[in-house]
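Asker: Chains E and V supply the protein sequences, listed in that same order.
Sequence positions in the first sequence follow our numbering and run 16 to 678.
Sequence positions in the second sequence follow our numbering and run 106 to 252.
For glycine and all other residues, C-beta sits at the position ideal for the given N, C-alpha and C.
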Amino acid sequence: MQRIGVFVCWCGSNIAATVDVQRVAEELKKEPGVVFSADYQYMCSESGQNLIKDAIKEHALTGVVICSCSPRMHENTFRKAAASVGLNPYMVEIANIREQCSWIHKDKATGTEKAIILGRAAIAKVHLNAPLIAGESPVTKRALVIGGGIAGIQTALDIAEAGFEVDIVEKSPTIGGKMAQLDKTFPTLDCSACILTPKMVEAAQQEKIKIYSYSEIDEVKGFVGNFSVKIRRKARYVKEDICTGCGLCTEKCPQKKVPNEFNMGMDNRRAIYIPFAQAVPKVATIDPNYCTMLKTGKCGVCSKICGVKAIDYTQQDEIVEAKYGAIVVATGFNPISPAKFDEFAYSQSPDVVTSLEYERLMNAAGPTNGTLLRPSDGKHPHTIVFVQCVGSRCDGAEKGKPYCSKVCCMYTAKHAMLTREKYPDTDVYVFYIDVRTPGKNFDEFYRRAVEEYNVHYIKGMVGKVVPENGKLKVQAADLLSNEQLHIDADMVVLATAVEPDPSARSLATKLTASMDTNDFFTEAHPKLRPVESPTAGVFLSGMCQGPKDIPETVSQASAAAAKVIGLLVKDKLVGNPCVAHSDELLCNGCSSCEKVCPYGAITYSDKEFRMPDRTTALRRVAAVNPAVCQGCGACTVACPSGAMDLFGFSNNQIMAEVDAICK
Amino acid sequence: MQVENKEFKPLIVAFCCNWCSYAGADLAGTNRLNYPADVKIIRVPCSCRVNPMFILRAFQRGADGVIICGCHPGDCHYTTGNYYARRRMTALFSMLDYLGIEKGRTRVEWVSAAEGQRFAETMNSFVSTIISLGENKRLEDLRCKTK
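In C-alpha cells:
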C-alpha cells in the first residue's frame, strides 16, 4: 500500500472561492492509503513547496496528490520539489481543480463535490504509479540547416561561431536564396548583394560549415540529438572539387535558349551555367533538361573547353548519410504566380510583371543591366502602376492567400521611390488596400515616398488591366474620392503574395513537423517558443514559419541558432520516461503495434523462452526503443494480447481513474 | 433544464489528449466558460491511448456518456494518433449501439488547444444529449453500484 499525501491548493481565491478546500482535504483524508492531507494558500510558492517536502520526509510518503491548477502549469514544479527530497518525481499526480473545476463552476457545493471526485481519481492513479527513471541519450554535436538563404546562412554562421559543425543543404546550385535576387533593401536602401555576398563567402570559408549545394533531403530518421539524414546530392555533371568557376563553359555552350530563373526568366542562360557572378560555391552546373549532350549524346563542347577537365556527363545522384543532433528548417518562400489573377493580364502582356521581376529589372546585374526598360519593346516606361495585395488578404482563399504577406507594402514603397529617384519623369501610382508599415523607420520611409518623391498612393484596388496599342489600360477605383480612374500605363507591377516553398510540405512529413493550413511550419508555441517546432530537435528559421522581412528573418535565424547551441552543448539528453514497454511473456509477435507506431520505435526479434514442459522455444517478441518512443500509446491499444503498456499512463492507472470517477 | 430531469445528474467521462483537448479544456477554464460539473476529465497522452476497454469499463461502472477529445485531424502531436482513435471509435461505437448503448452516449470530438470556446460548447451539447437520453441502464453492472 502506498503512503499518500494530499495537498489542496487554494490558489488564493481562484480555487478557494468556489471549492471548499478544507472539506476536500478532509474528505480525501478518508481515502485508502492517504496518511496526510493539508490545504494551503499557494502550494506552488516556496513555503507551499516546503510544506510538501516536509510532509514527504515526516510521513515517509510514497505518493503525492496535489489538487491545484492544471498539470500543464505546475506539474514540473511539484515533481522537482518531490525529487529534491528523494521521492521519485513520477510519484506525483495533479488533480486539476482550477481550470477544470473552480473556474468553470459557480456553485460552491457542485465545485467541492467535483474537486473531491477529481482528487479521488488522482489518488486511485497514484496507488498504481511506479517510480520511473528517465533514460539518457547522447547528442551528436553537429547541426543540419535545410535551406541556404539568408536565414540558413545566418543560422549556420552563428552555430559555427559557437564551435559546432554545421551542414547547409541547399536545393539550388548556389546559396543566397531570394535575398541574392533583390536590388536594394528597405528602409535603408542598402544594396542587397553588398550585405549578403560577404556572408555567403564567410559561410563558404568557415571551417565548421559544409555546404551541400544542389542537394535535397531524402530521408530523416531518429530523434532529437540523434537524427540520421540521407542527403541526395543531385548530379550536376561537373566535379565540384575540380571546377574553378572560370565560367568559360558557360560562354561557349551552344544551347543558349534556357530561361534564366535567377532573372525570373526575363533573359536566357546556357545549359551549363553559374547562377550569378557571386555564387557560392562558384561551380558550373549542367541543366539536364536542356543539355544537348545529356539528351542526345552529341555535343561535348563544355568538356572540350574545360581546362581542368571538371565535366563528367556520367555523374549520378549521390546519397550522403550523416548524423545530426539538431535540424533547422530554413526553406523560405516563393512569390505566388499571378497567372490565376486574369484581371491583371499577367499572361497577356510582358509589361505586367511581378515585384520580383521588377526587382531584377532595377538590378545592375539584371537582364537590362539596371536600366528600367519595358520587357515588350525595350523602351523606357513613363507611367507605372503598382498593385498591392495581389493574392494577399484574399477572402475565401481560392485564388490567393488569407494572410498579409507583410513585406509587400514596404518593397512597393521602395520600388516606387527608387523609380522616381532614377527617373523623375515617370509617374508612379500605387494602389493599396491598407499601407502597413510597422517597423523601425518603416513609416518614415513610406511617408518619404509620398511626400518627397510624390508617389501617387491611391486607396483602392485595380479592377482590370487591358493591353491595348502598346499601353496597359488600367481601370481602378479610388475609394476615398469614390471615383473611377482610367490610367494608361506603360508597366504594371504586381506585389504578389508570398507562399512557403513547395518543397516544404514533403519536408515536413519527413521531419514529422507540423504545418498550418497555409503550409507554414508551426511553432511549438506561437509566443513563447517561436523558433522551435513541436517536434523536439527541429527548429525554424525565416519565411518557412511565416511572412517576415530580412531583419526579422535574421533575428529568428540567430534565435534558432541559440536554441541549437543550447541543445548541442549538452552531452546527454534526458528522455521522457513515460514510454511504452512490452511484456515479452504476453507478446504473441503479431506486429500490430509495429504497424501503428509513428516513430518506428518497435522492433521484433526472436527470443528463446523456456516452455512449461522444460523445452525451449524461439518466439518472436516486440521490444520498444525507449529513446525513440514518444509515449503516444497507439501501440497499447493495438496490442490484442495486452502485452504493450505505457509507463505513467498504464491501462490499470486509467482504469482506476475511470473507476474512481464512476463510483 | 427540464423539470422532470432535475433529479438526473448524468455521469460523464471525458478522455482528453494532453496536447490539444486537455489544453483546450484548460483554456475554457481560463476564459471562465461554463459547462456542467457532470463532466470529469481524464488526461491521456493522445486520443489513440484510449482503449475501448476504458469505455466499456466506464459504462459498466455506471457512466451515462463517454466522450473522447483529440487534436484536429492532421494536427496530432504524434502525427497519426487521432486517425487511429477515429477508426477504433467508429467501430466500437457502432458495436455499442448494437448492444443498446445509443450512439448519442458516445462521441469523438476534435478540440485544439486554442478552442476553449469549442470545448465548452461541445461539453454543453454532449451533456444535454445525455440528459435527453436519460440514465444508462443497459451496460451498468449493479454489482458495481455503491449507493
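1) Please identify the residue among V:153, V:207, V:113, V:134 whose C-alpha is closest to the C-alpha of residue 226 (chain V).
2) Specify whether the segment 511 to 525 of chain E and the segment 338 to 354 of chain E touch according to this definition: at least 3 beta carbon pairs, one from each stretch, less than 8 Å apart.
3) Please name the residue, chosen from E:540, E:538, E:566, E:446, that lies closest to residue 494 (chain E) on a Cα-to-Cα basis.
4) Listing by chain order, which chain E residues have their CB less than 7 Å from the CB of residue 138 (chain V)?
5) Measure from the C-beta of residue 649 (chain E) to each C-beta in chain V and report whether the shortest distance is under 8 Å.
6) Quick check on residue 83 (chain E): buried or exposed, where buried means 16 or more other Cβ atoms within 10 Å of its Cβ?
7) Using a Cβ cut-off of 8 Å, pull out every chain V residue sitting near residue 661 (chain E), in sequence order please.
8) On the criterion of 16 or more Cβ atoms from any shown chain inside 10 Å, does residue 600 (chain E) qualify as buried, or is it exposed?
9) Going by the CB atoms, is the gap between residue 635 (chain E) and residue 657 (chain E) shorter than 8 Å?
10) Identify, in the order they occur along the chain, each residue of the same chain with its Cβ nearer than 7 Å to the Cβ of residue 553 (chain E), setting aside the five sequence neighbours on each side.
11) Apply the 10 Å Cβ neighbour rule to residue 200 (chain V) and answer buried if 16 or more other Cβ atoms are within range, or exposed otherwise.
12) If I follow the unbroken alpha helix (DSSP H) through residue 224 (chain V), where does it start and stop?
13) Helix, strand or coil for residue 500 (chain E)? Go by DSSP, reduced to three states.
14) Using only the alpha-carbon positions, how far apart do residue 118 (chain V) and residue 132 (chain E) sit?
15) For residue 340 (chain E) versus residue 582 (chain E), is the C-beta spacing smaller than 8 Å?
16) Given that residue 646 (chain E) touches chain V, what residues does it touch there, using C-beta distances under 7 Å?
17) Does the beta carbon of residue 168 (chain V) come closer than 8 Å to any beta carbon on chain E?
18) Pop quiz: residue 283 (chain E) and residue 298 (chain E) are said to be a contact at Cβ under 8 Å. What is the actual Cβ separation, rounded to whole angstroms?
19) Answer with yes or no whether the minimum CB distance from residue 118 (chain V) to chain E is below 8 Å.
20) Any Cβ of chain E within less than 8 Å of the Cβ of residue 106 (chain V)?
21) Would you mind listing the alpha helix (DSSP H) stretches within the segment 546 to 582 of chain E that are 4+ residues and don't spill past its ends, in chain order?
22) Are the CB atoms of residue 673 (chain E) and residue 147 (chain V) nearer to each other than 8 Å?
23) For the beta strand (DSSP E) that residue 104 (chain E) lies in, which residues bound it at each end?
24) If we define contact as Cβ-Cβ less than 8 Å, is residue 133 (chain E) a contact residue for chain V?
25) Going by DSSP, what residue range makes up the beta strand (DSSP E) through residue 291 (chain E)?
26) Using a beta-carbon distance below 8 Å, is residue 113 (chain E) in contact with chain V?
27) Just the C-alpha distance for residue 77 (chain E) and residue 102 (chain E), rounded to the nearest angstrom, thanks.
28) Nearest-angstrom Cα distance between residue 564 (chain E) and residue 422 (chain E)?
29) Going along chain V, which residues have a C-beta under 7 Å from residue 33 (chain E)?
30) Would you mind sorting residue 137 (chain V) into buried or exposed? The rule is 16 or more other CB atoms within 10 Å of its CB.
31) Which residue wins for smallest C-alpha separation from residue 649 (chain E), given the options V:156, V:212, V:224?
32) Can the beta-carbon of residue 491 (chain E) be found less than 8 Å from the beta-carbon of residue 502 (chain E)?
33) For residue 664 (chain E), would you say it is in contact with chain V, using Cβ-to-Cβ distances shorter than 8 Å as the test?
34) Would you decide whether residue 209 (chain E) is buried or exposed? Buried here means 16 or more other CB atoms lie within 10 Å of its CB.
35) Between the C-alpha atoms of residue 211 (chain V) and residue 188 (chain V), what's the straight-line distance to the nearest angstrom?
36) Please report whether the beta-carbon of residue 606 (chain E) lies at a distance below 8 Å from any beta-carbon of chain V.
Answerer: Once the coordinates are examined:
1) What you label residue 226 (chain V) is simply residue 121 of the second sequence in a count that begins at 1. The shortest Cα separation from residue 226 (chain V) among V:153, V:207, V:113, V:134 belongs to V:134.
2) Yes, the segment 511 to 525 of chain E touches the segment 338 to 354 of chain E.
3) Position 479 of the first sequence, counting from 1, holds the residue named residue 494 (chain E). Residue nearest to residue 494 (chain E) within the set E:540, E:538, E:566, E:446 is E:446 (criterion: CA-CA distance).
4) For the purposes of this step, residue 138 (chain V) is identified with residue 33 of the second sequence, where counting begins at 1. Taking a Cβ-Cβ threshold of 7 Å, the residues of chain E close to residue 138 (chain V) are 119, in chain order.
5) The sequence position of residue 649 (chain E) within the first sequence is 634, counting from 1. Output row for residue 649 (chain E): interface = yes.
6) As a working note, residue 83 (chain E) is residue 68 in the first sequence. Flag for residue 83 (chain E) reads buried.
7) On the first sequence, residue 661 (chain E) is found 646 positions in, with the first residue counted as 1. Within 8 Å of the CB of residue 661 (chain E), the CB atoms of chain V belong to 150, 154, in sequence order along the chain.
8) Here residue 600 (chain E) refers to the residue found at position 585 of the first sequence. The residue in question, residue 600 (chain E), is exposed, as its Cβ has fewer than 16 Cβ neighbours within 10 Å.
9) Position 642 of the first sequence, counting from 1, holds the residue named residue 657 (chain E). Position 620 of the first sequence, counting from 1, holds the residue named residue 635 (chain E). Between residue 657 (chain E) and residue 635 (chain E), the C-beta gap is not smaller than 8 Å, which leaves the two residues out of contact.
10) In the first sequence, the residue the question calls residue 553 (chain E) occupies position 538. Here the set comprises 342, 344, 526, 528.
11) Here residue 200 (chain V) refers to the residue found at position 95 when the second sequence is read from its first residue. In the assembly as shown, residue 200 (chain V) is an exposed residue. Its beta-carbon has fewer than 16 other beta-carbons within 10 Å.
12) Residue mapping note: residue 224 (chain V) aligns to position 119 of the second sequence, counting from 1. Taken as a continuous stretch (DSSP letters only), the alpha helix (DSSP H) holding residue 224 (chain V) covers 221 to 238.
13) As a position in the first sequence, residue 500 (chain E) is number 485, starting the count at 1. Three-state DSSP puts residue 500 (chain E) in a strand.
14) For the purposes of this step, residue 118 (chain V) is taken as residue 13 along the second sequence, with counting starting at 1. For the purposes of this step, residue 132 (chain E) is taken as residue 117 along the first sequence, with counting starting at 1. In this model, residue 118 (chain V) and residue 132 (chain E) are separated by some 12 Å (Cα to Cα).
15) Reading the first sequence from its first residue, position 325 is the one you call residue 340 (chain E). Reading the first sequence from its first residue, position 567 is the one you call residue 582 (chain E). Closer than 8 Å, so yes.
16) The residue labelled residue 646 (chain E) in the question sits at position 631 within the first sequence. Think of a sphere of 7 Å around the beta carbon of residue 646 (chain E): the chain V residues whose beta carbon falls inside it are 150, in chain order.
17) Counted from its first residue, the second sequence places residue 168 (chain V) at position 63. Chain E contact via Cβ: present.
18) Taking the first sequence and counting its residues from 1, the one referred to as residue 283 (chain E) is at position 268. Taking the first sequence and counting its residues from 1, the one referred to as residue 298 (chain E) is at position 283. Residue 283 (chain E) to residue 298 (chain E), Cβ: 20 Å. No contact.
19) Within the second sequence, numbered from 1, the residue matching residue 118 (chain V) stands at position 13. Interface residue, yes.
20) Taking the first residue of the second sequence as position 1, residue 106 (chain V) is located at position 1. Legend: pLDDT at residue 106 (chain V) = 44, less than 50; position of this residue unreliable, no value from coordinates given.
21) Qualifying alpha helix (DSSP H) stretches: none in this window.
22) Reading the first sequence from its first residue, position 658 is the one you call residue 673 (chain E). Reading the second sequence from its first residue, position 42 is the one you call residue 147 (chain V). It is a contact, given that the beta carbons lie within the stated cut-off.
23) Reading the first sequence from its first residue, position 89 is the one you call residue 104 (chain E). Neither: residue 104 (chain E) is in no beta strand (DSSP E) and is coded neither H nor E.
24) Here the question's residue 133 (chain E) lines up with position 118 in the first sequence. Yes, residue 133 (chain E) lies at the interface with chain V (some Cβ there is under 8 Å from its Cβ).
25) Residue mapping note: residue 291 (chain E) aligns to position 276 of the first sequence, counting from 1. Residue 291 (chain E) -> no beta strand (DSSP E), and no H or E assigned at all.
26) Here residue 113 (chain E) is taken as the residue at index 98 of the first sequence, counted from 1. Yes, contact with chain V.
27) Start at 1 with the first residue of the first sequence, and residue 77 (chain E) comes out as number 62. Start at 1 with the first residue of the first sequence, and residue 102 (chain E) comes out as number 87. Rounded to whole angstroms, residue 77 (chain E) to residue 102 (chain E) spans 7 Å at the Cα level.
28) In the first sequence, the residue the question calls residue 564 (chain E) occupies position 549. In the first sequence, the residue the question calls residue 422 (chain E) occupies position 407. Roughly 6 Å between the two C-alpha positions.
29) On the first sequence, position 18 is the one that residue 33 (chain E) refers to. The premise fails here: residue 33 (chain E) is roughly 10 Å from chain V at the closest Cβ pair, so nothing lies under 7 Å.
30) On the second sequence, position 32 is the one that residue 137 (chain V) refers to. Residue 137 (chain V) comes out exposed.
31) Mapped onto the first sequence, residue 649 (chain E) falls at position 634. Taking only the C-alpha atoms, the option nearest residue 649 (chain E) is V:156.
32) As a first step, residue 491 (chain E) must be located in the first sequence, where it is residue number 476. As a first step, residue 502 (chain E) must be located in the first sequence, where it is residue number 487. Against a cut-off of 8 Å, the Cβ pair of residue 502 (chain E) and residue 491 (chain E) comes out as a contact.
33) Taking the first residue of the first sequence as position 1, residue 664 (chain E) is located at position 649. Residue contact check for residue 664 (chain E) against chain V: a CB pair falls below 8 Å.
34) Along the first sequence, one-based indexing puts residue 209 (chain E) at 194. It counts as exposed.
35) The residue you call residue 211 (chain V) lines up with position 106 of the second sequence. The residue you call residue 188 (chain V) lines up with position 83 of the second sequence. Separation of residue 211 (chain V) and residue 188 (chain V) (C-alpha to C-alpha, rounded to the nearest whole angstrom) is 17 Å.
36) Taking the first residue of the first sequence as 1, we reach residue 606 (chain E) at position 591. Taking 8 Å as the threshold, the shortest C-beta distance from residue 606 (chain E) to chain V does not fall below it.
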